[in-house]
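Here the structure comes first, spelled out in structure tokens, and everything after it is commentary.
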């Protein structure tokens with residue numbers, strides 16, 4: 048599924064393809080929930096779009112963040 052068709056994107060892990068999809072989502076002002084403990088990628092993506100990047104520590108936390116984001120839309 049293309050990230051541009053989503054209201055909120057949950058990104059799991061961190062690889063080249065994932066980073067590319069996150070960048071595309073942020074470029075299009077999509078909200079992104081990072082479900083990754085990769086500190087460098089968290090810092091990098093937060094520096095690009097602090098208002099659109101959210102950090103989750105577990106799948107359940109990611110789902111709760113999405114619910115909160117969508118309820119505010």
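Numbering (my numbering), first residue to last: 48 to 120.
Don't be surprised by glycine CBs; every beta carbon is placed ideally from N, CA and C.
Closest by C-alpha distance to residue i, when choosing among the options
{"i": "residue 71", "options": "106, 99 and 107", "result": "99"}
{"i": "residue 65", "options": "52, 118 and 88", "result": "88"}
{"i": "residue 91", "options": "61, 110 and 77", "result": "61"}
{"i": "residue 81", "options": "95, 74 and 101", "result": "101"}
{"i": "residue 85", "options": "104, 97 and 67", "result": "104"}
Residue span of the beta strand (DSSP E) that contains residue i, given as start and end
{"i": "residue 117", "result": "From DSSP, residue 117 is part of no beta strand (DSSP E) but of the alpha helix (DSSP H) over 106-119."}
{"i": "residue 78", "result": "78-82"}
{"i": "residue 58", "result": "55-59"}
Beta-carbon gap between residue i and residue j smaller than 8 Å
{"i": "residue 112", "j": "residue 54", "result": "no"}
{"i": "residue 67", "j": "residue 51", "result": "no"}
Bridge partners - residue i, DSSP secondary structure assignment
{"i": "residue 100", "result": "79"}
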